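What follows is a single structure, written as structure tokens, with notes after it.
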Amino acid sequence: MSVFATSARPYPTPRLVAPPRPRATPVLTITVDVASGAVTPRLARLVELLNELAETGEGVLRVRGTDRLAPAVPAPAEPHPEPAPRPDPSSPDTVLVAVAARDARRGSRVLGLTRIEFDLLLFLAEHPRRVFTRRQLLTGVWGHEHSVTRTVDVHVRRLRAKVGDDVPLVTTVHGVGYRLADDAPVLIDRDH
């Protein structure tokens, strides 16, 4: 026969706290206090970039106290830039992207683009004046982001070489990614 004696402890029993579970992916939390003043253009651009990351599935933007995706601050009203002048279809430097035929030509010369090069050119031409990170391009053009991001660099270099170095086509935005050049003479023909 066993007898157990219990006695009251003079101090509280410590609570056991489980260690935090390790996350499967790294997390970056950014906190911006916007209640103290006006929204600067740089802060508005940061929020715009965070929204773009959320839209592409690369991140989540939450407004404190809610679970909805939304801009944390309204962007200041900016004048919309003038649209780029439409390139002359008869110019020998104009790159014509025939979507239905999946063909790209510079003047009368067929460029002979691979599937990925064609899709990359079409994607950038459909989104002029917008900068894309390498991950966004992998998602938008390749359909996944499991490839090495340098894959994008290789395809951009090959695309530039096939079009010709004398025609502005893809602009490198250092530290960010790529975009269609402002003066890129690209026309999209969806019917041919």
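With the UniProt record's numbering as the guide, the letters of the sequence shown map in order to residues 1 to 192. Every residue gets a Cβ at the ideal spot worked out from N, C-alpha and C, and that includes glycine. Computed from a predicted structure; not experimentally measured.
Check, Outcome
"T149 vs R134 beta-carbon contact at 8 Å", "yes"
"Distance, G175 Cα to A161 Cα", "22 Å"
"For D119, the three-state DSSP class (helix, strand or coil)", "helix"
"Bridge partners - R150, DSSP secondary structure assignment", "BP columns for R150 are empty, so no partner."
"Neighbourhood of R105 by C-beta, 6 Å cutoff - its chain only, sequence neighbours within 5 removed", "L96"
"Where T172 falls: helix, strand or coil (DSSP)", "strand"
"Neighbour flag for H127 against chain B, beta carbons, 8 Å", "Among the chains in the structure shown there is no chain B, since it carries only a single protein chain."
"Helix, strand or coil at T114 according to DSSP, with G and I counted as helix", "coil"
"Simplified DSSP assignment, three categories, for L28", "coil"
"Minimum C-alpha distance to G107 - residue among G143, P89 and L43", "P89"
"G177 burial status per 10 Å Cβ neighbour count (16 or more: buried)", "buried"
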